[in-house]
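Colleague:
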Ligand code: ARG
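In the numbering used here, the protein residues as written are 62 to 379.
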């Protein structure tokens, strides 16, 4: 099921995920997409309605003491609000929610799709393993070719693998959920440089909870979530003038768990300080409260998966 608002314009566009590989890009160089390349008109995102959402088990610190505490009507209203805001600027595809899979709403963990290829997650959290088959079927139905993935390497999709469109690289998180080996496999499959970052604070158990590459080479992130070597790696790749380092308060309200579409940054909450830094960087922060999903350890970004084309393109697959 796809939001049917495709236009001839977006049927001709695909976003930078399809851009040329920049695996040898200079480490300190915030490279922009080639000026000759037309800016993508719309992004495509995958979402899953929260019909069966809830906190039914504990697989991250946010879920502690939250079993049965998420209010479903409020969760539905918050999700609908996010969906509506995103739908104004992007095409949205939907995967069917499934009873007994309360975390399936977090489609960031479906896998990682670049070009025509998708890697389906191999969940570390056994509670989420039944989602793998459903996400795999969805990718297959859209015509993606599914890359083989080693059985013994946990990988939780775009929760731990973030495309940096400006640099053509994939930032990868490991340490809590995805395995240390995952980046190396992603690099091989997608032929893009994968930069491995070790996560050291269990509250920031997926990379997308504390790290958000934005367009134009900007990077919003919470440094304390990473070990020292990873912080250095980040600083070597993203120059200081492009880094938006957030403090613990913003980090704990999952400000970095943001979705950017056409310069708008959708996020659960944002301090005044962060708001003005985003505005100074040329972005428009849009707060969309997601308190019920925070109880499960997720916010805006977790509720979406970037797809490598406009929805009309997605529909043409398969
Ligand atoms: N309860 C879910 C889990 O622990 C939340 C997932 C959030 N997703 C994300 N991409 N950070 O798996």
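Idealized CB from N, CA, C, for every residue including glycine.
Could you give the first and the last residue of the continuous beta strand (DSSP E) run that contains residue 346?
Modeller: 345 to 348
Colleague: Sort 352, 366, 308 by Cα distance to residue 338 and report the nearest one.
Modeller: 308
Colleague: Taking DSSP's pairing of strands, which residues face residue 366 in a bridge?
Modeller: 107
Colleague: To which residues of the same chain is residue 270 closer than 7 Å at the C-beta, ignoring the five residues directly before and after it?
Modeller: 315, 317, 318
Colleague: For residue 101, name the three-state secondary structure that DSSP assigns.
Modeller: In this prediction, residue 101 scores a pLDDT of 44, lower than 50, which makes its location untrustworthy; no coordinate-derived value is stated.
Colleague: Which runs of the beta strand (DSSP E) fall wholly inside the stretch 179 to 233 and span at least 3 residues, in chain order?
Modeller: 222 to 225
Colleague: Would you tell me roughly how many angstroms separate the C-alpha atoms of residue 221 and residue 185, rounded to the nearest one?
Modeller: 12 Å
Colleague: My understanding is that residue 256 touches residue 232, with C-beta atoms under 8 Å, so please give their C-beta distance in whole angstroms.
Modeller: Going by Cβ atoms, the distance from residue 256 to residue 232 rounds to 5 Å, so yes, they are a contact pair.
Colleague: Determine the direct distance from the alpha carbon of residue 241 to that of residue 247, and round the result to whole angstroms.
Modeller: 11 Å
Colleague: Could you spell out where the beta strand (DSSP E) holding residue 175 opens and where it closes?
Modeller: 172 to 175
Colleague: Put residue 301 into one of helix, strand or coil per three-state DSSP.
Modeller: helix
Colleague: Measuring straight from C-alpha to C-alpha, what distance separates residue 145 and residue 354?
Modeller: 17 Å
Colleague: Quick one: what does DSSP say residue 238 is sitting in, helix, strand or coil?
Modeller: In this structure, residue 238 counts as coil in the three-state DSSP scheme.
Colleague: Report the rounded CA-to-CA distance for residue 235 versus residue 312, giving the unit in angstroms.
Modeller: 18 Å
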